[in-house]
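Quick note, the sequences are listed as chains A and B, same order. According to our numbering, the first sequence holds residues 1 to 443 in order. According to our numbering, the second sequence holds residues 1001 to 1272 in order. Backbone N, C-alpha and C fix where the C-beta goes; we use that ideal spot for every residue, glycine too. Note that the structure is a prediction, hence the values are computed from the model and not measured.
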Amino acid sequence: MKHIKIRTRTFLQGGIHPPENKSVTYEHSIENLPLPKKAIIPLSQHLGKPALPVVKKGDTVSEGQLIGKKDGNYSSHVHSSITGKVTDIGPYYTASNVKSNCIVIQLEGEIKRMNADKPDWSNLSREQILQRISEAGVVGMGGAAFPTDVKLNVPSDKKVDFFIVNGAECEPYLTCDYRLMMEKPEEIVEGIQIIKKLLNVKKVFFGVELNKRPALEHIAEHLREKDNIELIALKVKYPQGGEKQLIKAILNKEVPSGGLPFDVGAVVSNVATINAVRDAVLFQKPVIERVVTVTGRIVKNPGNYKIRIGTPLSDVIADTGLTEEPAKIILGGPMMGPSVVSLDTPVTKGTSGILFLSEKEEKRVRYNAYRSCIHCAKCLMVCPVSLNPCMLSLQGEFETYDQMTRYDIMDCIECGCCNYVCPSFRPIVQFIKLGKSFLKKKG
Amino acid sequence: MLKFVLLSTLSVGGLGLLFGGLLAYAAKKLAVAVDERVHDVEKTLAGLNCGICGYAGCSTYAKAIVEEKAAVNLCAPGGKNTVEKIKQVLNLTGDHSRESVVARVRCQGDNKTVNKLIDYKGIVSCSAVSQVGGDKACSYGCMGYGDCENACLFDAIHIQENGLPLVDEAKCTGCGLCVKACPRNIIEMAPQSAYFFIRCVSKDFGPVVSRVCKKGCIGCNICAKVNNFEGIKMEDNLPVVDYASFKGDGTGAEKCPTKVIEFVESKFLARK
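Listed below in structure tokens is the structure:
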């Protein structure tokens, strides 16, 4: 326990503590979900341009084969998650009612075993490591899906002093990062070593929220003195898993408006991403599966499952079971995740959880009958980036989108704290998202 | 004492005279010639500065008319009287106006035809709903939350009970505010005399369209075929009519398997 800082840290401005609901899947260890019969793999699972398909309809692909090539700097490779035949390339529902191009693969043929030897990575050069991460199509698995090779390839004019491991997992319900820390501490520590070498940093901070105390202690047992990794206990507060909030909590530095963590000399990565980086560098294993928390009170067998990318929700439901018809299905956490319209919606690299809500739970959402803003300033108190959500929502309501720039709309991280506390049930984040899209269209 | 009063009066008065002279000289020397007609034309306009004509305010539009860059009938609030007055002021003869246009809704997917896919909760406006992909099964069609109705200054477009907007042609001035307001580009501006309209904007393939909407265009291109692709061509599974060059009759509309095409016979006959 000598590595843990006893004094807990957190960011000062704003934040809320919604009911955690993590107990639903807290004790469920990671299990494999059966392979899907049909994988619908979106070509756009990352920020930036969608990948370009390199296979045709009718082609036979093997597990881990490249099917989408990255297009541009902020794009990422996409790999086949199962062995089979390409049956279709076309638009399918991803999150929301938005269709995007997907490659559909029908399960067929034999599955080859992956290489199980543990190779040595210490001889690899910086470029080789980056190359492997890029080829494996690793993206940020916390939800934002920023290509990891771009994030770790720090421009030479910026100096990075700290690497921060994000084990906060502040969203309610989700436990996939917690289980990963419990079951794969060695892998995560090894991944941290790889990234440490890549970034050439001296100090690594590992932030874990206190509601995951067992993970904190478990990781501490696997740390050696020379690793120079400092474990930090964080007070439970949403949105502590946000990059900028985590930096504020651990380093007490503020990322400037419009800036990146580079600007304060830090790089932040999620534990699931670090695990994927390790797999990519050691075994050249592409991202074809991830740990997803399947949760909700109406799920028969909730748990943390290792699910292949592209598995449709209908397959997940068939394996986990439901006790009643869900009224709403959310991909990711309940605070920021989008809801889905089709059971064909696939699991992607950024999907950390699948949350099923019953009709009773869903009825509490009353945004279709929102009322006028009463200027109570509750939203100002909880905003973690010190914005004025009440004015932003009013500007949105009266469609004066130009005025929104006066209130620094682009700094909003869309965490949803303001929505959560609003006594008038105003869809503040939706107003802000609408304003952002208008301003982007205007240029 | 008197000395100070005298001195200050003289110096300030002298400076005043000097600058007055300078200003008078500059006013003559640097004067900008103003076309009197611009002022006269501006007086005849409605003076609302509404921007419907497409110019930034009445004076800019008046200037454009005098410079013969713009048609004379773009001032929608002014109406026909304004057109006559402008012609008088400028001593114009002949037709200097552009053919007036009218808004056309290119969707037939009312609430009964296209199913609602989502129980949407949130901001009630088309632009907000379209951000999450819309709440209806068709991802191209009208959602019926009335952004066009709110945008219209002339009370000319209304959402009906079936969830589709209806344009009152008598009231429509062709300003195009509803076209800008619609996030799905369903409304288009067609000339008054046009008589052949495609009432669907879905770019999906036939099977996909017929699954979600029985009145949608399936892209069979039969309407283009019967007209030998004259004035009508296929783009992204959709027929596109060029109203200026289209000379066909109602056979295309009759042949259409899903009855997407609206054929206005009275206008067709009037044209002949």
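Legend entry - Spatial neighbours of residue 20/A in its chain, beta-carbon cut-off 7 Å, leaving aside the 5 residues before and after: 172 and 211
Inset, instruction - Compute every distance between the C-beta of residue 1109/B and the non-hydrogen atoms of the ligand ATP, then say whether any falls below 8 Å. - result: Absence of the ligand ATP from the depicted structure is noted, as is the absence of any ligand whatsoever, leaving it without description.
Inset, instruction - With a threshold of 16 other CB atoms inside 10 Å of the CB of residue 74/A, please say whether the residue is buried or exposed. - result: exposed
Legend entry - Near-chain B residues of the region 428–440 of chain A (beta-carbon distance less than 7 Å), N- to C-terminal order: 430, 431, 433, 434 and 437
Inset, instruction - Could you give the DSSP three-state label for residue 436/A: helix, strand or coil? - result: helix
Inset, instruction - Anything in chain A within Cβ reach of residue 1218/B, meaning under 9 Å, just list it in chain order. - result: What residue 1218/B touches in chain A: nothing, since even the nearest Cβ is about 17 Å away.
Inset, instruction - Would you mind telling me which residues of chain A sit closer than 7 Å to residue 1238/B, beta carbon to beta carbon, in chain order? - result: Residues of chain A passing the Cβ test: none, with the nearest at roughly 16 Å.
Inset, instruction - Could you check the C-alpha separation between residue 183/A and residue 208/A for me, to the nearest Å? - result: 15 Å
Legend entry - Burial state of residue 1184/B (16 or more Cβ within 10 Å): buried
Inset, instruction - Just the C-alpha distance for residue 1200/B and residue 1187/B, rounded to the nearest angstrom, thanks. - result: 10 Å
Inset, instruction - Name, please, each residue of chain A whose Cβ falls closer than 8 Å to the Cβ of residue 1132/B. - result: 96, 97, 98 and 338
Legend entry - Cut-off 7 Å between Cβ atoms - residues of its own chain near residue 424/A, not counting five sequence neighbours on either side: 370, 371, 372, 373 and 374
Inset, instruction - Check whether the region 60–69 of chain A touches the region 138–151 of chain A, taking contact to mean three or more Cβ pairs, one atom from each stretch, closer than 8 Å. - result: no
Legend entry - Of the residues 89/A, 411/A, 158/A and 435/A, the one placed nearest residue 531/A, counting alpha carbons only: Nothing can be reported for residue 531/A, as the shown portion of chain A is limited to 1 through 443.
Legend entry - Local conformation of residue 88/A per DSSP, three classes: strand
Inset, instruction - For residue 134/A, I'd like the list of residues in its chain whose CB is within less than 6 Å of its CB, leaving aside the five on either flank, ordered along the chain. - result: 149
Inset, instruction - Below 7 Å CB to CB, which residues in the same chain sit around residue 1205/B once its five sequence neighbours on both sides are set aside? - result: 1219 and 1237
Legend entry - Beta carbon proximity, residue 341/A to chain B, threshold 9 Å: yes
Inset, instruction - From the DSSP output, in three-state form, read off residue 10/A for me. - result: coil
Legend entry - Buried versus exposed call for residue 170/A [16 or more other C-beta atoms within 10 Å across all chains shown]: buried
Inset, instruction - Output, in chain order, the set of chain B residues within a Cβ distance shorter than 9 Å of residue 365/A. - result: 1121
Legend entry - Residue nearest to residue 464/A in terms of C-alpha spacing, selected from 22/A, 35/A and 200/A: Coverage of chain A is limited to positions 1 through 443, which leaves residue 464/A absent and any answer about it impossible.
Inset, instruction - With DSSP collapsed to three states, give me the class of residue 1158/B. - result: strand
Inset, instruction - State the Cα-Cα distance for the pair residue 1064/B and residue 1266/B, rounded to the nearest angstrom. - result: 36 Å
Legend entry - Opening and closing residue of the beta strand (DSSP E) in which residue 203/A lies: 203–209
Legend entry - Integer-rounded CB distance, given that residue 287/A should sit under 8 Å from residue 55/A: Residue 55/A to residue 287/A, Cβ: 17 Å. No contact.
Inset, instruction - Return the CA-CA distance between residue 518/A and residue 263/A, expressed in angstroms with no decimal places. - result: Any question about residue 518/A goes unanswered here, given that chain A covers just 1 to 443.
Inset, instruction - Using alpha carbons as the reference points, say which of 1202/B, 1203/B, 1149/B and 1066/B lies closest to residue 1041/B. - result: 1066/B
Legend entry - 9 Å Cβ cutoff, residue 396/A in contact with chain B: yes
Inset, instruction - Would you kindly work out how many angstroms separate the C-alpha atoms of residue 403/A and residue 1010/B, rounded to a whole number? - result: 53 Å
Legend entry - Span of the beta strand (DSSP E) around residue 106/A: 99–107
Inset, instruction - List the whole-angstrom C-beta distance separating residue 1164/B from residue 1142/B, where the pair is believed to meet the contact cut-off of C-beta under 8 Å. - result: 6 Å
Inset, instruction - Please work out which residues of its chain come closer than 8 Å, Cβ to Cβ, to residue 274/A, disregarding the five sequence neighbours upstream and downstream, and give them in chain order. - result: 165, 188, 191, 192 and 195
Inset, instruction - Ignore the nearest five residues each way along the sequence and tell me which others in residue 414/A's own chain have a CB closer than 6 Å to its CB. - result: 429
Legend entry - Limits of the alpha helix (DSSP H) - the one that residue 66/A falls within: Taken as a continuous stretch (DSSP letters only), residue 66/A belongs to no alpha helix (DSSP H), being part of the beta strand (DSSP E) at 66–69.
Inset, instruction - Could you tell me whether any Cβ in chain A is nearer than 9 Å to the Cβ of residue 1242/B? - result: no
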